[in-house]
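Beneath this line is the structure, given in structure tokens, with notes to follow.
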């Protein structure tokens with residue numbers, strides 16, 4: 008399930024409790040600047056709520072990051088990925104147990120181009136920020 012509007016998220020998320028936040032990487036290189044909040048990961052993040060899993064991760068098909076209400080494996084598919092040890096990277100650990108009251112989003116978009124670099128088809132919207 009992909010999300011296309013802020014309204015969809017505002018319908019699903021309020022009242023949910025964050026049960027876990029897991030980070031995933033694809034490459035062996037992992038840059039951690041601050042274990043509590045700054046790292047460069049190239050797999051994605053999976054957030055487990057009461058009865059919902061949200062994942063933001065790399066989509067090889069789209070060749071960009073995507074957002075879905077499915078486990079991270081749905082996005083990473085056949086990529087060889089691994090979960091980053093939470094002792095090594097604690098990002099999101101302070102969110103566990105908190106209840107989501109509301110959310111705000113920022114969206115971006117892209118459009119496919121033909122050989123003459125003219126836009127074709129519909130715009131594809133991408134979640135840029137969720138807070």
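Numbering (our numbering), first residue to last: 8 to 138. Yeah, the Cβ is synthetic: ideal placement off N, Cα and C, and Gly gets one too.
Status (buried if at least 16 other CB within 10 Å, exposed otherwise) for residue 94: The residue labelled residue 94 in the question sits at position 87 within the chain shown. Result: exposed.
Buried or exposed by the 16-neighbour rule on C-beta atoms within 10 Å, applied to residue 30: As a position in the chain shown, residue 30 is number 23, starting the count at 1. Buried, by the Cβ-count rule.
Top-ranked residue by Cα proximity to residue 44, from 99, 12, 106: Taking the chain shown and counting its residues from 1, one reaches residue 44 at position 37. When each option's Cα is compared against that of residue 44, the closest is 99.
Three-state secondary structure assigned by DSSP to residue 14: Here residue 14 refers to the residue found at position 7 of the chain shown. Helix.
Boundaries of the beta strand (DSSP E) in which residue 39 is found, first to last residue: Residue numbering aside, residue 39 sits at position 32 when the chain shown is read from its first letter. Per DSSP, residue 39 belongs to the beta strand (DSSP E) from 38-41.
DSSP bridge partner residues for residue 136 (one or two, in chain order): Counting from one through the chain shown, the residue named residue 136 turns up at place 129. According to DSSP, residue 136 bridges with 113.
Distance, residue 50 Cα to residue 33 Cα: In the chain shown, counting from the first residue as 1, residue 33 sits at position 26. In the chain shown, counting from the first residue as 1, residue 50 sits at position 43. Those two C-alpha atoms are separated by around 5 Å.
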